[in-house]
Amino acid sequence: MTKQGQGFGFGMGKMKELAEAFKKAQQVQEGAKKLQEELDQLEIEGAAAGGLVKVYLSGNQEPRRVEISPDVMGEGAEVVSAMVLEATQAAYENSTATMRQRMEELTGGLNLPGM
């Protein structure tokens, strides 16, 4: 025996909740687009050898520039290459951590059903 007026069990309260969640999702989408633009403008540093080698990425992990101090040039290609790799890894970690933090700030407190 089915109850009258139940339909699919999706009453007005659920519709209002879904509409609110949809509105929040749209706000997050708009915020994400703005965030991507902001991250693209950032320049995030990774360093090695006490700052003698620096690599800069955007907040979207796009390479921007590399700085190598003349003081390390006499170390040989293998050592300088290792320093550049270390600085690149540090820049990547800093950039992804920044992106993750900004995304958490954007979506913080968002309670979407089913997510």
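Note that full-length UniProt numbering has the sequence shown beginning at 1, numbered continuously upward.
We treat Cβ as the ideally placed atom computed from N, Cα and C, and that holds for glycine.
None of the values given here were measured: they were computed from a predicted structure.
Worksheet item: Given residue 84, which residues of its chain have a CB within under 8 Å of its CB, disregarding the five upstream and five downstream residues?
Response: The count along the sequence shown starts at 1 and reaches residue 84 at position 84. For residue 84, where only same-chain residues beyond five positions count, the Cβ hits under 8 Å are 48, 53, 55, 66, 68.
Worksheet item: To the nearest whole angstrom, what separates the beta carbons of residue 35 and residue 102, a pair I think is in contact under 8 Å?
Response: Counting from one through the sequence shown, the residue named residue 35 turns up at place 35. Counting from one through the sequence shown, the residue named residue 102 turns up at place 102. Contact between residue 35 and residue 102 holds, with the beta-carbon distance rounding to 6 Å and staying under 8 Å.
Worksheet item: Enumerated in chain order, which unbroken segments of the beta strand (DSSP E) with a length of 3 residues or greater are wholly contained in the segment 41 to 74?
Response: Listed in chain order, the complete beta strand (DSSP E) runs (minimum 3 residues) inside the segment 41 to 74 are 44 to 48, 53 to 57, 63 to 68.
Discussion item. If I measure Cβ to Cβ from residue 93 and keep anything under 8 Å in the same chain, skipping five residues before and after, which residues do I get?
Written reply: Against the sequence shown, residue 93 aligns to sequence position 93. Excluding positions up to five away in sequence, the list reads 46.
Discussion item. Output needed for residue 71: all residues of its chain with C-beta closer than 8 Å, excluding positions within five of it in sequence on either side, in chain order.
Written reply: Taking the first residue of the sequence shown as position 1, residue 71 is located at position 71. The residues are 52.
Worksheet entry | Classification of residue 59 by the beta-carbon crowding that lies within 10 angstroms, buried from 16 upward | In the sequence shown, the residue the question calls residue 59 occupies position 59. By the neighbour-count rule (16 or more Cβ atoms within 10 Å), residue 59 is buried.
Practice prompt. Let me know the secondary structure DSSP gives residue 103 once reduced to three states.
Written response: Numbered from 1 along the sequence shown, position 103 holds the residue referred to as residue 103. Look at residue 103 here: in three-state DSSP terms it is helix.
Item to complete: Could you tell me the distance, in whole angstroms, from the CA atom of residue 89 to the CA atom of residue 33?
Response: As a first step, residue 89 must be located in the sequence shown, where it is residue number 89. As a first step, residue 33 must be located in the sequence shown, where it is residue number 33. For the pair residue 89 and residue 33, the Cα-to-Cα distance works out to about 26 Å.
Discussion item. Given this structure, state the Cα-to-Cα distance separating residue 79 from residue 73, to the nearest angstrom.
Written reply: The sequence position of residue 79 within the sequence shown is 79, counting from 1. The sequence position of residue 73 within the sequence shown is 73, counting from 1. It is roughly 9 Å from the alpha-carbon of residue 79 to the alpha-carbon of residue 73.
Item to complete: Rank 95, 22, 108, 105 by C-alpha distance to the C-alpha of residue 64 and give the top, closest one.
Response: By one-based count along the sequence shown, residue 64 stands at place 64. Answer by Cα proximity: 95.
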